[in-house]
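> In my numbering, the protein residues as written are 13 to 328. Note that beta-carbon positions come from the ideal geometry of N, C-alpha and C, so glycine has one too.
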């Protein structure tokens, strides 16, 4: 592709960020990222509350297939990403959001830009945002969860590959409900800072103080199980917390308070796209799609998918 062409990346999660970094390294200068939220990083998410902090998305990452990437080495060298006492388990030194912020520090990002639909124009595409902005672009990369991207595509007036659309329509996610608790007492966890469960209403509990995320002690993130999250996702937080009360009372000996809740409608993939690690669904112009659902549902897979979609665009 020409280095003068404009590229718009929808979604500022890790796959979108790495797509942008790969394009920038290859000489593409006109790159703009857009995210519908006020922050960036997707499920690399950290929240402050009551003088403490919680990671309320991804709790840790494994580098596996991306450990040798220069961006990963830079994160470790700059003490943004640190290895825990558990082998090959890494966390953000100031919360998981700090990873995305560091990687994206030299990228152009527009926040609170929710893409609604895309129109074709004579020599470009026109992105229509919820805030009323209409922005022209030569190429688009959709790095948001596939279900959100499909919703955009189905409202759009552009030529796309119907067979690929049918394939990605089969992809599904598990939802996740997150509970953030301040306890009066410290609880013992099996591993350094986290305990994971195969049964019950919670899939994991993380101690954000022992994880060195919160400077205040006894700040715990509880991730609800797939089954509980799916059954209760549309319920309000009051009823969700009420259903969890007995289990929370048992865990924290009734000496706790729930400071915050969060819902991830598209948390981890139920199934995966197995034909490639990213796709170009556009016929006339490049409309790429990437994300962890195209690989392994993990941090390293999201990175590989972002690099993959950038390589496809560069080859155009």
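Helix or strand or just coil, what does DSSP make of residue 322?
Sequence index remark: in the chain shown, residue 322 carries index 310 (1-based). DSSP places residue 322 in helix when its eight states are reduced to three.
> For residue 86, is the classification buried or exposed, using 16 other Cβ atoms within 10 angstroms of its Cβ as the cut-off for buried?
Indexing the chain shown from 1 puts residue 86 at position 74. Flag for residue 86 reads exposed.
> Would you say residue 137 and residue 128 are within 8 Å of each other, going by their C-beta atoms?
What you label residue 137 is simply residue 125 of the chain shown in a count that begins at 1. What you label residue 128 is simply residue 116 of the chain shown in a count that begins at 1. The answer is no: Cβ separation not under 8 Å.
> Have a look at 306, 173, 23, 92 and flag the residue whose alpha-carbon is nearest the alpha-carbon of residue 296.
Here the question's residue 296 lines up with position 284 in the chain shown. Taking only the C-alpha atoms, the option nearest residue 296 is 173.
> Determine contact between the region 301-313 and the region 71-86, defined as no fewer than three beta-carbon pairs at a distance below 8 Å.
These segments touch.
> Below 8 Å, how does it come out for the region 180-196 and the region 267-276: are there three or more Cβ pairs, yes or no?
Flag = yes, the region 180-196 and the region 267-276 touch.
> May I have the straight-line CA-CA distance separating residue 228 from residue 209, to the nearest angstrom?
Start at 1 with the first residue of the chain shown, and residue 228 comes out as number 216. Start at 1 with the first residue of the chain shown, and residue 209 comes out as number 197. Distance between the alpha carbons of residue 228 and residue 209 is about 25 Å.
> Do the region 92-110 and the region 138-152 touch if we need at least three Cβ pairs shorter than 8 Å?
Flag = no, the region 92-110 and the region 138-152 do not touch.
> Under three-state DSSP, which class holds residue 135?
Stepping through the chain shown from its first residue, residue 135 is reached at position 123. In the structure shown, residue 135 sits in coil (DSSP, three-state: anything other than H, G, I, E or B).
> Keeping to the same chain, check which residues put their C-beta closer than 7 Å to that of residue 207; ignore five residues upstream and five downstream.
Here residue 207 refers to the residue found at position 195 of the chain shown. Around residue 207: 201, 216, 217.
> Which same chain residues, not among the five before or five after residue 273, have their C-beta less than 8 Å away from its C-beta?
Walking along the chain shown from the start, residue 273 turns up at place 261. These residues qualify, in order along the chain: 189, 190, 191, 192, 249, 252, 253.
> Would you report the Cα separation of residue 68 and residue 55, rounded to the nearest angstrom?
Taking the chain shown and counting its residues from 1, the one referred to as residue 68 is at position 56. Taking the chain shown and counting its residues from 1, the one referred to as residue 55 is at position 43. Using only the alpha carbons, I get a separation of about 8 Å.
> Where in the region 111-190 do unbroken runs of the beta strand (DSSP E), each at least 3 residues long, occur, reported from the N-terminal end onward?
121-123, 127-132, 137-141, 146-149, 151-154, all fully within the region 111-190.
> Between which two residues does the alpha helix (DSSP H) holding residue 65 run?
Locating residue 65 in the chain shown gives position 53, where the first residue counts as 1. Note, residue 65: premise wrong, no alpha helix (DSSP H); beta strand (DSSP E) at 64-67.
> Between residue 179 and residue 317, what straight-line distance do the alpha-carbon atoms span, to the nearest angstrom?
Within the chain shown, the letter at position 167 stands for residue 179. Within the chain shown, the letter at position 305 stands for residue 317. Looking at the two C-alpha atoms, the distance is approximately 17 Å.
> Using alpha carbons as the reference points, say which of 96, 58, 182, 65 lies closest to residue 74.
In the chain shown, the residue the question calls residue 74 occupies position 62. Nearest of 96, 58, 182, 65 to residue 74, Cα basis: 96.
> Just to confirm my understanding: we take residue 237, look at its own chain, exclude 5 residues before and 5 after, and list those with CB closer than 7 Å. What are they?
Locating residue 237 in the chain shown gives position 225, counting from the first residue. Same-chain partners within the cutoff: 212, 213, 214, 215.
> Using CA coordinates, which residue listed in 260, 34, 305, 292 is at the minimum distance from residue 279?
Start at 1 with the first residue of the chain shown, and residue 279 comes out as number 267. Here the closest residue by C-alpha is 305.
> For residue 41, which three-state DSSP category applies?
Position 29 of the chain shown, counted from the start, is the residue given in the question as residue 41. Three-state result, residue 41: coil.
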